[in-house]
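**Q**
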Amino acid sequence: MTGISVFIMGAGRMGEILAASMVKRHRVILYDHDGEKGSQAAERAGCGFSPPQEALKGAGAVILALPPAVTVSALEAISSYIHPETVVINIATTVFKDDLRPALEGRGHLVGAKIVGHYREMGGRPAILVDAETEKGGEVAGELFSGLGQVERGDERLVGIINTVATREAFRAAATIEKILRKEGVGPALIKSALGVVAAGSIKSYAEGDIGPFAQKLLEEINGGN
Numbered sequence: 065m066t067g068i069s070v071f072i073m074g075a076g077r078m079g080e081i082l083a084a085s086m087v088k089r090h091r092v093i094l095y096d097h098d099g100e101k102g103s104q105a106a107e108r109a110g111c112g113f114s115p116p117q118e119a120l121k122g123a124g125a126v127i128l129a130l131p132p133a134v135t136v137s138a139l140e141a142i143s144s145y146i147h148p149e150t151v152v153i154n155i156a157t158t159v160f161k162d163d164l165r166p167a168l169e170g171r172g173h174l175v176g177a178k179i180v181g182h183y184r185e186m187g188g189r190p191a192i193l194v195d196a197e198t199e200k201g202g203e204v205a206g207e208l209f210s211g212l213g214q215v216e217r218g219d220e221r222l223v224g225i226i227n228t229v230a231t232r233e234a235f236r237a238a239a240t241i242e243k244i245l246r247k248e249g250v251g252p253a254l255i256k257s258a259l260g261v262v263a264a265g266s267i268k269s270y271a272e273g274d275i276g277p278f279a280q281k282l283l284e285e286i287n288g289g290n
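Just add 64 to the spot in the sequence shown (first one is 1) and you have this note's numbering.
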């Protein structure tokens with residue numbers, strides 16, 4: 065795909081990260097209702113800054129990088145400027161295509177693109193789940209987000225399940241580790257290191273299939289020697 069014009073609405077941390085990941089391959093315009101915040105984020109990302117009325121005229125894709133509470137109303141405010149063939153991508157985890165479809169009134173190719181992970185961990189390559197209504201929407205979203213992480217196709221609602229299960233079980237494991245170490249007389253600073261360095265690193269190594277002999281032995285014990 066040749067470079068297209070991408071309009072990103074929302075200059076928060078994720079909007080800025082997305083802009084920076086796409087700006088070398090596409091013409092990116094960033095916008096935020098807070099003009100100073102938006103222009104500063106655009107400068108850091110190396111992209112342009114413009115209000116929607118102008119930027120949407122030639123936009124091949126619109127990305128809604130907004131808090132869930134304002135995503136629908138923001139799309140309603142700009143929908144009349146969106147071309148029928150523009151790909152409209154929402155990244156808010158708890159807002160879905162069904163919520164946004166009425167605002168478009170039949171315009172655009174609607175896509176849900178949900179990032180598995182948190183912006184503080186974006187130093188790696190997160191997975192992005194793309195749920196598109198049309199083949200064009202899926203292709204464009206897949207290309208745009210390929211610079212950020214590994215793109216998978218599927219039901220956007222799965223990300224909520226993934227995040228809930230992973231967070232709950234991580235907290236459960238953290239609470240267990242803390243409880244055991246406290247009983248062993250380990251102090252708060254060392255417990256913090258055990259959780260933030262040892263445990264977090266072990267989970268990452270397991271996820272990447274890169275564990276050493278010591279960890280492999282522990283894993284075999286957990287799995288009953290199998």
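Idealized CB from N, CA, C, for every residue including glycine.
Keep in mind it's a predicted model, so treat the numbers as computed, not measured.
Can you have a look at Glu-80 and say buried or exposed, based on whether 16 or more other CB atoms are within 10 angstroms of its CB?
**A** So Glu-80 ends up on the buried side.
**Q** Could you check which residue in Leu-212, Leu-174 and Leu-222 has the C-alpha nearest to that of Glu-199?
**A** The shortest Cα separation from Glu-199 among Leu-212, Leu-174 and Leu-222 belongs to Leu-174.
**Q** Could you check which residue in Asn-227, Val-194 and Phe-278 has the C-alpha nearest to that of Arg-217?
**A** Among Asn-227, Val-194 and Phe-278, the Cα nearest to that of Arg-217 belongs to Val-194.
**Q** Specify the secondary structure class of Gly-276 as computed by DSSP and reduced to three states.
**A** Coil at Gly-276, not helix or strand.
**Q** Give me the Cα-Cα distance between Ala-238 and Ala-264, rounded to the nearest whole angstrom.
**A** In a straight line, the C-alpha of Ala-238 is about 10 angstroms away from that of Ala-264.
**Q** Return the CA-CA distance between Lys-101 and Ile-72, expressed in angstroms with no decimal places.
**A** Whole-angstrom Cα-Cα distance: 14 angstroms.
**Q** Could you spell out the range, first to last residue, of the beta strand (DSSP E) harbouring Asn-287?
**A** No beta strand (DSSP E) holds Asn-287; DSSP gives it neither H nor E.
**Q** Going by beta carbon distance, what residues of the same chain come within less than 7 angstroms of Asp-163, once the five residues before and after it are set aside?
**A** For Asp-163, where only same-chain residues beyond five positions count, the Cβ hits under 7 angstroms are Val-136.
**Q** With DSSP run on the structure shown, which of helix, strand or coil describes Gly-172?
**A** Coil at Gly-172, not helix or strand.
**Q** Comparing C-alpha positions only, which one of Arg-246, Gly-251, Arg-77 and Leu-120 sits nearest to Val-151?
**A** That would be Leu-120, whose Cα lies nearest to the Cα of Val-151.
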